[in-house]
Each structure stands twice: as C-alpha cells, then as structure tokens.
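Chains as they are written, first to last, in the numbering used here: chain C, 825 to 1281; chain R, 63 to 290. We put the beta carbon where it would ideally sit given N, CA and C, even for glycine. Since the model is a prediction, treat every value here as computed from it, not as a measurement. This report refers to the structure that appears directly beneath it.
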C-alpha cells in the first residue's frame, strides 16, 4: 500500500480494508498542536503542510545534549503521544525536508548537505509533474546528476524556480521561511528536570528569568515594550501570557508586577496540570532607551509613572479598557473622537479645538451610543424644538432651547447615519440639559424621528 | 466658594458626590470633573467608571469634556466591568502621586464598597496627596471614611439670548464635612474660561427672563479653606 493509491486498488489487495474519510482539518489541527509542543525545542517553528514541521535548532541543540540526543528525545516524546515521526537534522531547511521524505540519513554532518542529497531521486525537488517527467525522460534520475550539470541549462529549459529549488535542496540557498509565531527579539528560558506544579515555584522561576532578561536588556541597552511568558506543560499544552508597556522598560520589578496583575486577573488561571517542564520569557518588541534616558526631570518621571500605572491597569483589565481620546476631523458627533488604548500609545495627543470664550458647551459631556429614541408629546412649530418629550417612560418639559444645528450625513463614509439631523440644546423644568435631534424633516417621505443623543453638564 | 472648594479639595482625601436623582448623574459627573480639574494641578486625571453607568446615563464624550475645560489629552478613562474592579483600579490610581486627581464612578452600591474599602481608598489618597472623588451614581449613602459628602443636581442656567440654555449650573449641597457643620447649599455656575464657580444662589433660579446674573464670588466661612 502506498499513498496516492486508488481506493479500488487498495481494496483489491486487502479485501477487509478499514476505510475512513480523510480529515484534513483534523490533521492540520494535530500538526498545529505538535508545532506548539515543538516550541519547547526552539521558538522558531514552521509548519510545512500537509504533514511536516521545520524547526530551526540553531544554537539550541546543546541544551538537549547534542543533535543526536535532541533527535532521539523528540522521537520518543512523539512516540509516547502515539505518533510515528521521521526526523532529519540538516544544515538547511529544504535539505532536511527532502531527506526526511526520500533519504536514509538522520543527521547530516556540518557542510555535508551537498553530498547528502546526491543520491536522492529527482522527485525530492517536488517539481510539477511535466518537468519531473521531462527530467526522467532525459535520463536524469538523481539530484547528484542534476547538480553535476551547469544550472543555466536547467534555467533555460525549465525555469529559474527549478534551479532555485536545486540550490536550496543542496543547502546552497536559504528559503525565506514563515515561522508560525513571530520570532522573539530576545528570549530566556528555563527547563526543569522535575516538572514544577506549584504556582509559587512557577512565580519564583518567572522572577529569576525576569532578572536574567533584564540584564540581557541592559547589555543591549534596550527596554521591553512587549513581553510574553510561555508555560510549557509536560502534556504538551502551552499557555502564553503577554503584557505590553507604553514605554520601554527594563526594571524587573515593573515587568514582574505587570505579570502578576495579568495572572491575577485571568478568568481561567494558568493550570500547571502535571507540572511545567519549561518556562520561557520572550521579548517581541524592544525599543532603545536612548531617547528616554532616566532623567531627573520631574516631568519625565511623572510621565513614566503614569505610563506604568496605565500598563498595570491594562494588564489587569485589558488594554481596551484603559483609554484616552483623540480628536477626529469630522462633523459626525459619533466619530468626532477616537478612543485609543493608553498602553499602546501613551503620549499620543491631538489638537483639540479651544472652546470659544463665553460660550456654553455646544457638545454634551455624556453621549448615548446609539442615540435613544424619544417620543415628542408637544411641539409648537413643526420645524422648532419640542415643548414636551418622553424618554424612558418619563415626561420632560422643555423650558429653554437653542437650535437647530444642522448636521448633514457624511454619505462618503461607510456606516454613517443617513438622514439629516437637526440638533437642539434644550433645558427642562428641572434644569437638566439635553442634546436632542430630529432625523429627517416634516413633509418628506418618511416621518421625522426624534432622538436623545447626549446629556450636558 | 471657589476658594473654599479649592482649598478643601486639593489635598488628598476621599470625597463622595451623590446625584440628587438618577437623572442628575450627568450634572453630578460634570461637577465632579470640574472639581477634579481645579484640584489636579494640571496633572493627568484618571476617571474609573463602571461600564453600566455608560449604558445607563451615556458614555464619556471627549468633545464635551473639552468644552467643560478639561483637555482630553489629560484624561485617562478606565472602564471597569464591576464594583470590585472599579475599587481596585481606583486604589491603584490613587497611589500614584503623578496623577492629578482620581474620579471613581461605581454603579449603585457595590457589595465590596463598605467602610473598610472607603478607608483604604482614603488612606491611599492621603498618602499620595491625590484627591479621590467618588461619584455615587444610583447609590445610597453608606457609612464611609469620606472627608466630605456632596449632593449635586442640575440647576437652571442663566439663559442666553433667545432663551438659549447657558453655562453649566448645579445645585450643590454639602451633606457632610469633617470640620464644619454640614447642610449648606449653593447654586453655582461653572465658568470654563476662568475655571471658577460663580455663586448664582440669590438669582431667582426659575427665571426665564434671560437676565445675565453676575454675582461676585461669595464669601463662605473661611474655615473651610484650610481643611483637608
């Protein structure tokens, strides 16, 4: 039985064959789960669909006692999970990819890539069927035979892509690979011979890692903007917790506090299960501190304190809940301001208009999104403000009014309101000031509707 | 009144502000913001608000605050899901001495808001000297460690030409004050340009005549000026 065989053929050979429909989605999910688990070997893991994984172990193998031990350990781990895997360690991604499917070598010694792929069949190049067939007809059966000939021959006969593939498979050119997770700028990790199951231990390990990370940051003269802690459980599950700061930080106490806030606020706490066997801290975004020297200028220190406070609150409540407002250039009251998370943008400032001296506020201090429907119970003139209106089952008597202020729909924007609005500022008999509007006009196709949009001070 | 309020509020401490009725929440909130504005010494203001207040009485609208005199650049809004989150965030903010003032607005009477909680907040605020103004939208007074307790409602503005509503006006009464007798009441108007409250108590508050009242800042007992 081989892959790609038709079902009828297979049944002919094995009459009582068990047949299952291919579950490509399930396979992809499994592959992704394995990739997640492989993150413990190295943070640079790439999925090579449909059934392969590429792990960049540059500089990682010594942690596992050498390449051979790493390979063996990995295979055993997979076996325990009920998976049979073939693994190859080679100098280049495509070399390993070809060898694992067509070769018999497990570990290619450094610099041996060209030699290792010589005996592989040309099928290892994964060329289009027609090109593959042409090569076979020309009597070229192995990669070695191709490599012996000048590459411009193939470039002319086939395509540049083919010669590139040939160079890559020999480890002579590096393909651009897309890791499944962003590669951290800097990371530190700790492996535990005995998995740790107590949260206090995990926290202590986190603190140690943090101090290591911060000293690395000092070496590079950088500050962290985004840090991620990954907790690797023995059963393969990985839990990741990320924090963000508004300014580059490299004080362990500040970063640790952010993590504590975040961990405290989790609705589903980090569960050690049978224990963590590895914890990694990685920095995904770092900025140089040069621009933010730790000055003794009071203003600077104040800004930093505010930024740290915002980062702590964001870690606890979520970045979208700690916000500041920027002005937008539009007449649409619903779009006149934009909320931005402080954690991402601590110093952003817009130019807010200076209110005209002596004028009362023309915009409410609180606004209803969406505007609330009100019922008009008494109007004097059809085009004027109402004299009485009902909102939430209570009637309000208008004593003073100003308007209308006409706001036209911004039809060129998606999602803008579609009827001209006439806004009125009104004050009721109790002194409360409302911002109401009429959508549409009398005498049109549809009757106008009244809404309460905001409340003034 | 300005001097009295300003002097009384600039130092750390917890101050409670109640809305006369639910419908007065926007007025009370705006009054609180103007107090914070005066007490904050040009530093950032942190406003911690429970989500439900926004749903019920309207979300914070930056252009409107700008017109009250608070540049939105100085405002950090913290939206909290529930009472415990509100109190926790408020305490955190009140501990940070770089903050100018903290406005905290839970909804109703959260279970965790009790005498102990208010004492914690009050202590945090005293230590950092960051005034903490607690807006109690839809809440009933409970025993608390607050230094002062206010009740704020909307008041008729002194109207402009053509019966147009004028500057923000509030009915303010002092329900409790640690250092002097409570029970005083003012009607004040907020003058954004000068950042002061003007006392308009003696003007007939229900007037529709449109006359512009311009009263001097009234002299209230100076005793309040130095109290914390």
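| query | result |
| --- | --- |
| Residues near residue 169/R by beta carbon distance below 7 Å, same chain, minus five either side | 112, 114, 115, 199, 200 |
| Interface residues of the segment 137-168 of chain R facing chain C [CB-CB below 9 Å] | 137, 138, 139, 140, 141, 142, 143, 147, 150, 151, 154, 155, 157, 158, 159, 160, 161 |
| Residue nearest to residue 76/R in terms of C-alpha spacing, selected from 205/R, 131/R, 135/R | 205/R |
| Cutoff 6 Å; reference residue 1009/C; Cβ partners in own chain excluding five residues on either side | 1107, 1110 |
| Under 8 Å between C-beta atoms of residue 879/C and residue 869/C | yes |
| Length at least 4, wholly inside the segment 1011-1094 of chain C: the alpha helix (DSSP H) runs in chain order | 1023-1044, 1076-1089 |
| Given residue 1230/C as reference, the closest of 1257/C, 1254/C, 902/C, 1186/C once Cα atoms are compared | 1186/C |
| Buried/exposed call for residue 1239/C, threshold 16 Cβ in 10 Å | exposed |
| Local conformation of residue 191/R per DSSP, three classes | coil |
| Rounded separation between residue 233/R and residue 1084/C - CA only | 44 Å |
| Residue-chain proximity (residue 100/R, chain C), Cβ-Cβ < 8 Å | no |
| Reference residue 141/R; option with closest CA among 122/R, 134/R, 158/R | 122/R |
| Contacting positions in the segment 1230-1253 of chain C - beta carbon closer than 9 Å to chain R | 1249, 1250, 1251, 1252, 1253 |
| From 1076/C, 1275/C, 860/C, residue whose alpha carbon lies closest to that of residue 1056/C | 860/C |
| Distance between residue 1181/C and residue 1283/C (C-alpha atoms, nearest Å) | This structure leaves residue 1283/C out entirely; chain C is present only between 825 and 1281. |
| Endpoints, beta strand (DSSP E) assigned at residue 128/R | Where residue 128/R is concerned, there is no enclosing beta strand (DSSP E), although the alpha helix (DSSP H) it sits in stretches over 124-130. |
| Within-8 Å CB hit, residue 121/R to chain C | yes |
| Contacts of residue 1161/C in chain R (Cβ-Cβ under 8 Å) | 123, 124, 125, 134 |
| Residue 220/R classed as buried or exposed, judged by whether at least 16 other C-beta atoms fall within 10 angstroms | buried |
| Selected residue, minimal CA-CA separation from residue 1101/C, among 917/C, 1023/C, 1160/C, 1130/C | 1023/C |
| One or two residues paired with residue 876/C in a DSSP bridge | 872/C |
| Ordered list of alpha helix (DSSP H) runs contained in the segment 139-187 of chain R, each at least 4 residues | 145-156 |
| Contacting residues, own chain, Cβ-Cβ under 6 Å from residue 959/C (five flanking each side not counted) | 946 |
| Listed by chain order, chain R residues near residue 791/C by CB distance under 7 Å | There is simply no residue 791/C to check, as chain C begins at 825 and stops at 1281 in what is shown. |
| Bridge partners - residue 260/R, DSSP secondary structure assignment | 251/R |
| Sequence-distant residues of its chain with Cβ nearer than 8 Å to residue 64/R (five each side left out) | With a pLDDT of only 48 at residue 64/R, under the threshold of 50, the placement of this residue in the model should not be trusted, and no figure is reported. |
| Cβ neighbour criterion (16 or more within 10 Å) applied to residue 125/R | buried |
| Residue 912/C versus residue 938/C - alpha carbon distance | 15 Å |
| Buried or exposed (CB count within 10 angstroms, at least 16 for buried), residue 88/R | buried |
| Among 920/C, 1244/C, 1250/C, 1252/C, nearest to residue 1268/C - alpha-carbon criterion | 1244/C |
| Backbone CA spacing between residue 102/R and residue 1126/C [nearest angstrom] | 14 Å |
| Short CB-CB distance (under 8 Å) between residue 275/R and chain C | Confidence at residue 275/R is low in this model, with a pLDDT of 30, below 50, so the placement of that residue should be treated as unreliable; the coordinate-derived value is given next. Taking Cβ atoms only, chain C never reaches closer than 8 Å to residue 275/R, which makes this a no. |
| When 951/C, 903/C, 952/C, 895/C are compared against residue 929/C, the one with the closest alpha-carbon | 895/C |
| Extent of the continuous alpha helix (DSSP H) run through residue 978/C | 975-981 |
| Chain-ordered neighbours of residue 842/C on chain R, where CB pairs are closer than 7 Å | Neighbours of residue 842/C on chain R: none; closest Cβ ~52 Å, over 7 Å. |
| Proximity winner among 1029/C, 1062/C, 1080/C, relative to residue 1050/C (alpha-carbon distances) | 1080/C |
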